[in-house]
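**Q** Shown below is the structure under consideration.
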Amino acid sequence: MSRRVLGRRASARAGAARLGAGPLALVGAMAVSGAIHLARPAVFERAVPRAMPGSVRGWVLVSGVAELACAATTLWPPTRTAGGLASAALMAGVFPANVQMALDARRPRTRAITLLRLPLQIPLVLWGLQAARSTPR
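Start counting the sequence shown at 16; every next residue gets the next number (this note's numbering).
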């Protein structure tokens, strides 16, 4: 491999290492969640607020692609600023779906979990913003 390619790989690894634990957790969570959205969309269909126009399945698939795109762009140093901002916006934007899941939960345990998850959106949004500010110079 050329030095140029090796240098880019080393730079990408160094950039990812500079993200910090919170933003890296955000990237990992978004990558896993995005993959599940695409592999098992039915899991998320009940979370789509009823007021959303169009196909419920379509919203689930689009949100899965968006999560994967945000994870990738947040991890890659040249696109980290845009990716971090997009990740923060997406995490704020899916809050209504999380509220819908909590409202629709039928079992007490499920309702408790979905309600406890709501405040977790705050650090996810903040980690996206932190990632946007950590772009290597």
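Where a beta carbon is used, it is the ideal one built from N, C-alpha and C, also for glycine.
#1: Whole angstroms is fine: what's the gap from P68's alpha carbon to P56's?
#2: Please report the Cβ distance between V109 and S70, rounded to the nearest whole angstrom; I am assuming they are in contact, meaning their Cβ atoms lie under 8 Å.
#3: Can you tell me whether A88 is buried or exposed? The criterion is at least 16 other CB atoms within 10 Å of its CB, across all chains shown.
#4: Any Cβ of chain B within less than 9 Å of the Cβ of D119?
#5: Is V77 helix, strand or coil by DSSP?
#6: Give the secondary structure of R72 by DSSP, where H, G and I count as helix, E and B as strand, and everything else as coil.
#7: If we count the other Cβ atoms within 10 Å of its Cβ and call it buried at 16 or more, is E82 buried or exposed?
#8: Alpha carbon to alpha carbon, how far is W91 from S149? Give it in angstroms, no decimals.
#9: Under 9 Å between the Cβ atoms of G37 and L141?
#10: Only counting the same chain, and skipping five residues up and downstream in sequence, which positions put a Cβ closer than 8 Å to that of E60?
#11: Apart from the five residues just before and just after G49, which ones in its own chain have a Cβ nearer than 6 Å to its Cβ?
#12: Terminal residues of the continuous alpha helix (DSSP H) containing P93?
#13: Could you tell me the distance, in whole angstroms, from the CA atom of A62 to the CA atom of R33?
**A** Reading from the atomic positions:
#1: Looking up residue 68 in the sequence shown gives position 53. Looking up residue 56 in the sequence shown gives position 41. The alpha-carbon atoms of P68 and P56 are separated by roughly 17 Å.
#2: What you label residue 109 is simply residue 94 of the sequence shown in a count that begins at 1. What you label residue 70 is simply residue 55 of the sequence shown in a count that begins at 1. Not really, about 17 Å apart at Cβ, beyond 8 Å.
#3: Working through the sequence shown from its first residue, we reach residue 88 at position 73. Residue identity check: residue 88 is Thr in the sequence provided, not Ala. With 16 or more Cβ atoms within 10 Å of its Cβ, T88 is classed as buried.
#4: Among the chains of the structure shown, chain B does not appear; only one protein chain is present.
#5: To locate residue 77, count along the sequence shown from 1; it is residue 62. If DSSP states are grouped into helix, strand and coil, V77 belongs with the helices.
#6: Along the sequence shown, read from residue 1 onward, the residue named residue 72 stands at position 57. In this structure, R72 counts as helix in the three-state DSSP scheme.
#7: Your numbering for residue 82 matches position 67 in the sequence shown. When all chains shown are included, E82 counts as buried.
#8: Numbered from 1 along the sequence shown, position 134 holds the residue referred to as residue 149. Numbered from 1 along the sequence shown, position 76 holds the residue referred to as residue 91. If you take the alpha carbons of S149 and W91, they lie about 11 Å apart.
#9: As a first step, residue 37 must be located in the sequence shown, where it is residue number 22. As a first step, residue 141 must be located in the sequence shown, where it is residue number 126. A contact, by the Cβ cut-off of 9 Å.
#10: As a first step, residue 60 is located in the sequence shown; it is residue number 45 there, counting from the start. The answer, listed in chain order, is V71, R72, V75.
#11: Looking up residue 49 in the sequence shown gives position 34. Here the set comprises G79, E82, L83.
#12: On the sequence shown, position 78 is the one that residue 93 refers to. Looking at the DSSP string, P93 is not in any alpha helix (DSSP H), and its letter there is neither H nor E.
#13: For the purposes of this step, residue 62 is taken as residue 47 along the sequence shown, with counting starting at 1. For the purposes of this step, residue 33 is taken as residue 18 along the sequence shown, with counting starting at 1. Answer to the nearest angstrom: the Cα atoms are 34 Å apart.
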